[in-house]
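These notes are about the structure you will find just below.
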Amino acid sequence: MSIISIRDIHTQFEEKIVHNGLNLDINEGEIYGLLGPSGCGKTTLLREMVMLQKFNQGNIIILDKSLNNISQVDAQSLRREWGVLFQAGALFSSLSIEENIALPLVEYTDLSTEMIHEIVKFKINLVGLKSADAKLYPSQISGGMKKKAGLARALAMDPKLLFLDEPTSGLDPVSAREFDELILKLRDMLGLTIVMVSHDLRSIYDTLDRVAIIDEKKIAYEGTLSGVKSSNSDFVQTFFK
């Protein structure tokens, strides 16, 4: 069943056209990759899905809600259904790891301090961090730990959807493969649908069920990785050679 439908999306920044009629469907429970050359608008599309950026034309439907002219109430309700891991983690430097993860729960729920503390403890453990890491600040932890802390925060509200922007970028090969395994484990354990922007070829093959490849402002290919050879896109042929 389609959980996200993107129809005829056009995006333009002044004179620059980024998307010229994108169409794709993301099914429930799959790990779906947005791929393409640098500057093709992968992250822009991800930002449009999570309502951080407006598109010029077309429509995006997520969990049966249309993002076109969505009300403030519906938008707020929809945001609670997803978590986002930004490329650099986007942790607040003045907050500890524990406080970063707790932030969505403090802002958007009426849970007691004790209950929030228990949830944070569980999420820290879930992503493979140690309980002692909770008191550290972003400046005191490695890049891999920042990604895990950002992931724990993205999962704080028990979302149905998880958006990941270049989750393995900046990680050494061992940490990157560990992160891939974690993503697969979380998808199966929590029943998540995951949308991921990636350049990491190993990660793409290890984690993705289906992909959409953006090239020349359109979807050059959508489907499984085994079918990419059927695409006529120069980028696809070079990237997957």
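Residues in the sequence shown are numbered consecutively from 2, following my numbering.
Cβ coordinates follow ideal geometry from the N, Cα and C atoms, glycine included.
Just so it is clear, the structure is predicted and the values come from calculations on it, not from any experiment.
Point to revise | Assigned exposure category for Leu209 - 16 Cβ within 10 Å defines buried | key: Position 208 of the sequence shown, counting from 1, holds the residue named residue 209. The residue in question, Leu209, is buried, as its Cβ has 16 or more Cβ neighbours within 10 Å.
Review point. Do Ile1 and Ile4 have their C-beta atoms within less than 9 Å of each other?
Key: In the structure displayed, the chain extends from 2 to 242; residue 1 sits before or after that span and is not available.
Practice item. Could you name the residues that DSSP lists as bridge partners for Thr194? Key: If you number the sequence shown from 1, residue 194 lands on position 193. DSSP output for Thr194 lists Leu162 as bridge partner(s).
Practice item. Grab me the residues of His11's own chain with a C-beta within less than 7 Å of its C-beta, minus the 5 sequence neighbours each way, in chain order. Key: As a first step, residue 11 is located in the sequence shown; it is residue number 10 there, counting from the start. The answer, listed in chain order, is His20, Asn21, Gly22, Phe56, Asn57, Gln58 and Gly59.
**Study point:** Closest Cα partner of Ile205 within the set Ser232, Phe240, Pro105 and Thr194
**Key:** As a first step, residue 205 is located in the sequence shown; it is residue number 204 there, counting from the start. The shortest Cα separation from Ile205 among Ser232, Phe240, Pro105 and Thr194 belongs to Phe240.
**Study point:** DSSP three-state assignment for Gly90, whether helix, strand or coil
**Key:** Indexing the sequence shown from 1 puts residue 90 at position 89. Reduced to three states, the DSSP call for Gly90 is coil.
Check your understanding: Measuring CB to CB, does Val121 end up less than 9 Å from Ala103?
Key -> For the purposes of this step, residue 121 is identified with residue 120 of the sequence shown, where counting begins at 1. For the purposes of this step, residue 103 is identified with residue 102 of the sequence shown, where counting begins at 1. The answer is yes: Cβ separation under 9 Å.
Check your understanding: Helix or strand or just coil, what does DSSP make of Ala157?
Key -> As a first step, residue 157 must be located in the sequence shown, where it is residue number 156. Ala157 falls in the coil class under three-state DSSP.
Point to revise | CA nearest to the CA of Ile163, picked from Lys66, Phe87, Glu16 and Gln13 | key: For the purposes of this step, residue 163 is taken as residue 162 along the sequence shown, with counting starting at 1. According to the sequence shown, residue 163 is Leu rather than Ile. Taking only the C-alpha atoms, the option nearest Leu163 is Phe87.
Exercise for review: Classify Tyr138 as helix, strand or coil using the three-state DSSP reduction.
Suggested key: Within the sequence shown, numbered from 1, the residue matching residue 138 stands at position 137. Note: Tyr138 maps to coil in three-state DSSP.
Check your understanding: For Gln13, which of Pro38, Gly34, Leu46 and Gly30 has the nearest alpha-carbon?
Key -> Translated into positions along the sequence shown, residue 13 becomes position 12. The shortest C-alpha separation from Gln13 is found at Leu46.
Review point. Going along the chain, which unbroken runs of the alpha helix (DSSP H) with 4 or more residues stay wholly within the region 180-229?
Key: 202-208
Practice item. Spatial neighbours of Val322 within its chain, please: CB distance less than 6 Å, with the 5 preceding and 5 following residues excluded, ordered by chain position. Key: This structure leaves residue 322 out entirely; the chain is present only between 2 and 242.
Review point. Does DSSP classify Asp173 as helix, strand or coil?
Key: Within the sequence shown, the letter at position 172 stands for residue 173. Here Asp173 sits in coil by DSSP.
Review point. At what residues does the beta strand (DSSP E) containing Val19 begin and finish?
Key: Along the sequence shown, one-based indexing puts residue 19 at 18. Lys17 to Asn28 is the extent of the beta strand (DSSP E) around Val19.
Practice item. Using the Cα positions of Ile18 and Glu29, report the straight-line distance between them to the nearest angstrom. Key: Residue numbering aside, residue 18 sits at position 17 when the sequence shown is read from its first letter. Residue numbering aside, residue 29 sits at position 28 when the sequence shown is read from its first letter. Roughly 30 Å between the two C-alpha positions.
Practice item. Evaluate Ala153 with the Cβ neighbour count: other Cβ atoms within 10 Å of its Cβ, from every protein chain shown; 16 or more gives buried, anything less gives exposed. Key: For the purposes of this step, residue 153 is taken as the residue at position 152 of the sequence shown. The residue is buried, with at least 16 neighbouring Cβ atoms inside 10 Å.
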